[in-house]
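Heads up: the structure comes next, in structure tokens.
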Amino acid sequence: MSSGISTSVTAASSLRGSGPELERNLPDGFRRLQLGEPAPDFLLKGVDDTEYRLADFEEHKFLLVVFLSNHCPFSHAAETRMLPWIESMKAQGLGVVAIQPNHPDAITVDELGYSKYSDSFEEMKLYARENGFTFPYLYDGETQAAAQAYGALATPDLFLFDEHRRLRYSGRFDDSRFEDPATVTRHDAKNALVDLVANRSVQVPYARPMGCAVKWLSKITKVSHTNQTSWEHEPISLAEVDSVGVADLMANRSHKLRLINLWATWCGPCVAEFPALTTLSRRLRKRDFEFVSISMDDPKDESKVLRFLTQHRAGMPTRVAASLHAEQRTTNNYLFTEPSQDDLAAAIGEGWQGPIPFTILVAPGGRVVWQHNGEVDPVELGRVILDELGGFYPEQENEAPIPLWLPNDH
Amino acid sequence: MAAKRSLRGSGPPDCAETDQVPPGGRSTSPATTRLICESDAVQIGQPFWLAVVLEMQPDWHCYWLNPGHTGFSPKLKWFLPESFHIGETFWPQPIRFMAFGQIGFGYENRLAWLVEITPPEVLPSGGQIEIVLKAEWLLCRDVCIRDRVTHELVLPVSPPASANVLSNRDVFDRFRLNLPQRRDEGLAAVFFKEGESWVLRLQVPEGIAVKPTEVYFFPCDAGWIDPVTDQATSVQGTTLLVRMRGCDSDRSAPDELHGVLVWREGHAGSDHIVARRITAPKN
Numbered sequence: 002m003s004s005g006i007s008t009s010v011t012a013a014s015s016l017r018g019s020g021p022e023l024e025r026n027l028p029d030g031f032r033r034l035q036l037g038e039p040a041p042d043f044l045l046k047g048v049d050d051t052e053y054r055l056a057d058f059e060e061h062k063f064l065l066v067v068f069l070s071n072h073c074p075f076s077h078a079a080e081t082r083m084l085p086w087i088e089s090m091k092a093q094g095l096g097v098v099a100i101q102p103n104h105p106d107a108i109t110v111d112e113l114g115y116s117k118y119s120d121s122f123e124e125m126k127l128y129a130r131e132n133g134f135t136f137p138y139l140y141d142g143e144t145q146a147a148a149q150a151y152g153a154l155a156t157p158d159l160f161l162f163d164e165h166r167r168l169r170y171s172g173r174f175d176d177s178r179f180e181d182p183a184t185v186t187r188h189d190a191k192n193a194l195v196d197l198v199a200n201r202s203v204q205v206p207y208a209r210p211m212g213c214a215v216k217w218l219s220k221i222t223k224v225s226h227t228n229q230t231s232w233e234h235e236p237i238s239l240a241e242v243d244s245v246g247v248a249d250l251m252a253n254r255s256h257k258l259r260l261i262n263l264w265a266t267w268c269g270p271c272v273a274e275f276p277a278l279t280t281l282s283r284r285l286r287k288r289d290f291e292f293v294s295i296s297m298d299d300p301k302d303e304s305k306v307l308r309f310l311t312q313h314r315a316g317m318p319t320r321v322a323a324s325l326h327a328e329q330r331t332t333n334n335y336l337f338t339e340p341s342q343d344d345l346a347a348a349i350g351e352g353w354q355g356p357i358p359f360t361i362l363v364a365p366g367g368r369v370v371w372q373h374n375g376e377v378d379p380v381e382l383g384r385v386i387l388d389e390l391g392g393f394y395p396e397q398e399n400e401a402p403i404p405l406w407l408p409n410d411h
Numbered sequence: 066m067a068a069k070r071s072l073r074g075s076g077p078p079d080c081a082e083t084d085q086v087p088p089g090g091r092s093t094s095p096a097t098t099r100l101i102c103e104s105d106a107v108q109i110g111q112p113f114w115l116a117v118v119l120e121m122q123p124d125w126h127c128y129w130l131n132p133g134h135t136g137f138s139p140k141l142k143w144f145l146p147e148s149f150h151i152g153e154t155f156w157p158q159p160i161r162f163m164a165f166g167q168i169g170f171g172y173e174n175r176l177a178w179l180v181e182i183t184p185p186e187v188l189p190s191g192g193q194i195e196i197v198l199k200a201e202w203l204l205c206r207d208v209c210i211r212d213r214v215t216h217e218l219v220l221p222v223s224p225p226a227s228a229n230v231l232s233n234r235d236v237f238d239r240f241r242l243n244l245p246q247r248r249d250e251g252l253a254a255v256f257f258k259e260g261e262s263w264v265l266r267l268q269v270p271e272g273i274a275v276k277p278t279e280v281y282f283f284p285c286d287a288g289w290i291d292p293v294t295d296q297a298t299s300v301q302g303t304t305l306l307v308r309m310r311g312c313d314s315d316r317s318a319p320d321e322l323h324g325v326l327v328w329r330e331g332h333a334g335s336d337h338i339v340a341r342r343i344t345a346p347k348n
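Protein chains in written order, with the working numbering: chain A, 2 to 411; chain B, 66 to 348.
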């Protein structure tokens with residue numbers, strides 16, 4: 002049997018020197034596993050609360066060690082194609098173990114806009130169950146020992162080993178970051194396994210990983226600071242609105258999914274739920290989404306309303322501010338001014354019976370996606386929003402190109 | 066709007082209830098209200114009492130003068146005939162509750178505000194007068210409804226020499242039991258700043274045993290005393306001290322502290338809750 006190690010492709014270097022930015026964000030001593038090198042051992046806990054090591058997979062002829070994560074849209078897109086492929090290749094002797102390399106504290110809030118789950122171990126269990134993982138899904142976030150041993154750079158990042166547990170392919174699953182399989186032009190991992198099964202040299206043993214950078218533990222302090230301060234400098238403003246203005250908001254002539262919340266400073270459940278709504282807004286700040294608050298306080302209490310919004314940092318992300326300008330609006334925080342709410346009720350629609358808090362989700366064009374009277378369940382609301390926005394990168398012609406390698410952001 | 070009922074000689078006067086429809090126009094209020102008069106008629110020069118009775122469905126609450134952390138205080142606006150004088154509004158003793166993770170001061174189930182009206186010395190007898198109340202309050206459970214009602218009460222005017230029939234006397238006496246006693250005389254109540262706390266100090270009347278663990282002061286002014294932080298009470302001899310934390314605000318302390326002090330007094334087997342209206346000057 003040939004060694005199966007191609008010599009036509011220069012083995013990847015340690016990846017140091019691939020760029021100053023990349024180098025700065027990698028742990029000290031970082032080294033990517035090289036072609037032909039043996040699979041490093043690991044001892045990690047899986048979502049079934051069982052500990053796994055490399056030897057637990059020795060029954061399989063080929064082994065795929067794949068680094069995945071709950072939060073990453075690249076991972077989500079790749080999984081839609083990878084999971085069925087894995088099932089189809091089990092008969093060919095493929096064993097799979099997935100490793101989640103991230104600590105949840107190393108993820109900024111606005112990196113969670115494509116998933117209802119962060120990368121905690123408990124959320125891995127939910128994610129694996131919902132997505133039908135049929136292989137162990139192990140948590141490496143506490144020490145990232147496996148991520149460093151393999152030299153994982155992103156999620157997803159694949160390492161395919163032969164029957165001697167020598168590395169024969171590493172890198173991406175395929176070349177598309179979108180959900181639609183029609184956008185794939187190169188099936189890198191599939192082709193590599195085909196070569197392995199046929200006992201021939203892997204023609205393309207390395208394809209640069211494409212995904213969300215591994216969230217190294219060293220990032221935690223910076224992330225904590227970012228999560229506390231990144232919206233502290235966003236401007237907070239308040240404008241008056243009447244029922245005609247609310248009708249216009251409900252018509253939603255933007256391209257964004259719009260969450261509108263009727264509230265007041267004197268309303269206990271409104272005050273109780275407001276932090277969850279601003280947290281949701283921060284989580285989705287990189288998506289086509291905006292949070293619009295409409296206070297039912299008396300107009301004479303404008304300063305009280307503004308004080309509350311300031312206290313809760315209900316500011317406006319730069320991305321949203323730019324889109325507001327196109328709509329000739331200046332803020333997403335409003336104070337309703339009319340004494341009677343009859344016209345307001347007509348503008349909101351049949352779903353509002355009068356009590357507050359009232360929250361309504363309006364798609365572009367004015368379609369009501371969801372509405373709720375009373376304190377919202379942020380988990381349920383997050384699920385509804387993600388169902389509408391999707392957990393993948395949207396294919397948009399005017400979307401700015403994203404580099405194939407993303408050192409620390411996506 | 067329900068038709069106004071004629072009240073001439075028809076027994077205890079009650080108002081015609083208008084539909085209680087909260088703003089927004091669609092849902093039904095979780096409360097009913099009545100405006101009732103203690104006496105059957107107005108007698109020239111004789112004060113009479115009105116009660117605004119609010120009855121809420123289970124699990125709903127409304128708020129006191131000082132609503133606590135959130136909420137707002139009910140508003141009662143009266144429209145009286147010329148030369149009629151309205152006295153102060155008497156609020157029932159509030160309770161302290163926890164809702165939505167916040168401390169509130171207010172009421173559950175049923176309450177009645179009492180107000181005394183004094184008619185003029187000269188009034189044509191045999192006629193009738195109309196009193197209108199416009200009220201607004203906040204009712205909350207899992208949602209909050211800003212409820213607005215209008216009540217109209219028509220009362221006949223009886224001759225001065227006629228007997229003053231108080232058909233609703235029993236009902237009003239029960240309402241009066243829920244009012245804080247106006248018995249702060251002799252308590253020598255004062256308040257002062259001590260470190261970060263505001264302290265209410267008063268003298269417990271002789272013969273009364275107060276349980277410090279069951280003392281609470283409801284301040285009338287909102288935004289000055291923190292409703293969330295527990296109050297610390299101690300008894301030193303006959304001196305009762307109630308320590309309260311101030312709110313983080315720029316408001317300066319008033320010259321007088323107004324509120325309701327609730328305590329349990331008496332002895333085992335025969336103690337009861339007493340509520341007193343307090344007016345304490347700044348020391």
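All C-beta atoms, glycine included, are put in the ideal place defined by N, C-alpha and C.
Check: Within a Cβ cutoff of 7 angstroms, which residues of the same chain sit near residue 376 (chain A), ignoring the five residues on either side of it in sequence?; Outcome: 270, 273, 274 and 358
Check: Under the three-state reduction of DSSP, which class applies to residue 75 (chain A): helix, strand or coil?; Outcome: helix
Check: Spatial neighbours of residue 340 (chain B) within its chain, please: C-beta separation below 6 angstroms, excluding the five flanking residues on both sides.; Outcome: 158, 245, 325 and 327
Check: At a CB distance below 9 angstroms, what residues from the region 346-358 of chain A approach chain B? Give them in sequence order.; Outcome: 346, 347, 349, 351, 353, 354, 355, 356, 357 and 358
Check: In chain A, what lies closer than 8 angstroms to residue 122 (chain B) by C-beta?; Outcome: None at all; the shortest Cβ gap to chain A is about 13 angstroms.
Check: Helix, strand or coil for residue 89 (chain B), going by three-state DSSP, please let me know.; Outcome: Because the pLDDT at residue 89 (chain B) is just 42, under 50, the model does not fix this residue reliably, and the value given afterwards should be weighed accordingly. Residue 89 (chain B): coil per DSSP, three-state reduction.
Check: When DSSP labels each residue in this structure, what does residue 341 (chain B) get in the three-state scheme?; Outcome: strand
Check: Figure out for me which residue from B:112, B:238 and B:119 has the closest Cα to the Cα of residue 153 (chain B).; Outcome: B:112
Check: Using a Cβ cut-off of 8 angstroms (strictly closer), state whether residue 379 (chain B) contacts chain A.; Outcome: Past the edges of chain B, shown from 66 to 348, lies residue 379 (chain B), and the structure says nothing about it.
Check: Please report the straight-line C-alpha distance between residue 198 (chain B) and residue 304 (chain A), rounded to a whole angstrom.; Outcome: 30 angstroms
Check: Which value, in whole angstroms, describes the spacing of the CA atoms of residue 254 (chain A) and residue 62 (chain A)?; Outcome: 56 angstroms
Check: Which term fits residue 89 (chain B), buried or exposed, when burial requires 16 or more other beta carbons within 10 angstroms of its beta carbon?; Outcome: In this predicted model, residue 89 (chain B) has a pLDDT of only 42, less than 50, meaning its place in the structure is not dependable enough to derive any value.
Check: Please classify residue 87 (chain B): is it buried, with 16 or more other beta-carbons within 10 angstroms of its beta-carbon, or exposed?; Outcome: With a pLDDT of only 42 at residue 87 (chain B), under the threshold of 50, the placement of this residue in the model should not be trusted; the figure read from the coordinates follows. Buried, because 16 or more other Cβ atoms sit within 10 Å of the Cβ of residue 87 (chain B).
Check: Mind listing, in chain order, the continuous beta strand (DSSP E) runs of no fewer than 3 residues lying wholly within the region 204-253 of chain B?; Outcome: 209-223
Check: Indicate whether at least one CB of chain B lies closer than 8 angstroms to the CB of residue 110 (chain A).; Outcome: no
Check: Using the C-alpha atoms, what's the distance from residue 294 (chain A) back to residue 301 (chain A)?; Outcome: 17 angstroms
Check: Quick one: is residue 371 (chain A) near chain B, going by C-beta distance under 8 angstroms?; Outcome: no
Check: When the cut-off is 8 angstroms and only beta carbons count, does residue 105 (chain B) lie next to chain A?; Outcome: no
Check: When the Cα atoms are used, what is the spatial distance from residue 307 (chain A) to residue 237 (chain A)?; Outcome: 8 angstroms
Check: Considering just the uninterrupted stretch of the alpha helix (DSSP H) at residue 244 (chain A), what are its terminal residues?; Outcome: 244-252
Check: Whose CA, out of A:158, A:38, A:95 and A:333, lies closest to the CA of residue 235 (chain A)?; Outcome: A:333
Check: Taking DSSP as the reference, what is the three-state secondary structure of residue 125 (chain A)?; Outcome: helix
Check: Excluding the five sequence neighbours on either side, which residues of its own chain have a C-beta within less than 7 angstroms of the C-beta of residue 108 (chain A), listed in chain order?; Outcome: 72, 119, 120, 216 and 224
Check: Taking only beta-carbon atoms, is residue 380 (chain A) less than 8 angstroms away from chain B?; Outcome: no
Check: Which ranges does the beta strand (DSSP E) cover as unbroken runs of at least 3 residues, wholly within the region 32-110 of chain A, from first to last along the chain?; Outcome: 44-47, 52-54, 63-68 and 95-101
Check: Using a C-beta cutoff of 8 angstroms, does residue 164 (chain B) count as contacting chain A?; Outcome: yes
Check: Quick one: which chain A residues come within Cβ less than 9 angstroms of residue 311 (chain B)?; Outcome: Result: empty, since nearest Cβ-Cβ is about 18 angstroms, beyond 9 angstroms.
Check: Quick check: the Cα distance between residue 198 (chain A) and residue 75 (chain A), rounded to an integer number of angstroms?; Outcome: 27 angstroms
Check: Taking DSSP as the reference, what is the three-state secondary structure of residue 170 (chain B)?; Outcome: strand
Check: Which residues of chain A have a Cβ atom closer than 8 angstroms to the Cβ of residue 256 (chain B), listed in chain order?; Outcome: Within chain A, no residue comes near residue 256 (chain B); the closest Cβ sits about 26 angstroms away, beyond 8 angstroms.
Check: Quick one: Cα of residue 178 (chain B) to Cα of residue 245 (chain A), how far?; Outcome: 39 angstroms
Check: Using a Cβ cut-off of 7 angstroms, which residues of the region 203-223 of chain B contact any Cβ in chain A, in chain order?; Outcome: 203, 205, 207, 208, 209 and 210
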